[in-house]
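Novice:
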Amino acid sequence: MVEQICKTAGNPIKGHISKCTRIAKLNKDSPRPRTVLVKFFSPIIRDQFYANIIKNLVKRVKEKEKYRIRFKKFGYPLDEIEFKLQRFRCELLINSCYKRYTDRVEASIKSHTKYFWTYLKQRRKNKCEFPASMVYNNQTFTDGVSICD
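Sequential numbering from 1 applies to the sequence shown in full-length UniProt numbering.
#1: Find out if the Cβ-Cβ distance for the pair E80, F71 is shorter than 7 Å.
#2: Please identify the residue among V61, K39 and T140 whose C-alpha is closest to the C-alpha of F83.
#3: How would you write the range of the beta strand (DSSP E) that T140 sits in, first residue to last?
#4: Do K59 and Q86 have their C-beta atoms within less than 7 Å of each other?
#5: Work out the CA separation of C97 and D143 for me, nearest whole Å.
#6: Should Y136 be labelled buried (16 or more other beta-carbon atoms within 10 Å of its own) or exposed?
#7: Are T140 and S133 close, meaning C-beta to C-beta below 7 Å?
#8: Hey, could you find the ends of the beta strand (DSSP E) residue 176 is sitting in?
#9: To the nearest whole angstrom, what separates the beta carbons of L93 and L57, a pair I think is in contact under 8 Å?
Printed below as a string of structure tokens:
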């Protein structure tokens, strides 16, 4: 399945996957597919895979905007349905990309502090507030000094 996604995105990764695991669903009645975890032999291949997913996200956002403009211009109900579908897909992809990014930052705080400070700098540029609390090794930090330490 991952190879099919990469082939569609234009980045064949055949032979670069070291391990592929499917995880059981938490809710068996959920229509969502099971999660697939993929481990690559090389971090370079992994980064290329993520870059293609981000390219796919940009392409999907542009397509969503195309349908939004088409619906606003002509007002066809079919265009509205297609726009709402594209918006839903974009939201799912954005949320998964952001979750993957925050998970990677949280996992690498101890070994790569640069990721943590890059994350905070990005939050500051977006004029977002810093988190009220952070959890690390089952400890909750609530004030700014303890979060930074």
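Yeah, the Cβ is synthetic: ideal placement off N, Cα and C, and Gly gets one too.
Specialist: Taking the geometry as given:
#1: yes
#2: V61
#3: Q139 to F141
#4: no
#5: 28 Å
#6: exposed
#7: yes
#8: In this structure the chain extends from 1 to 149, so residue 176 is not present and cannot be described.
#9: 5 Å
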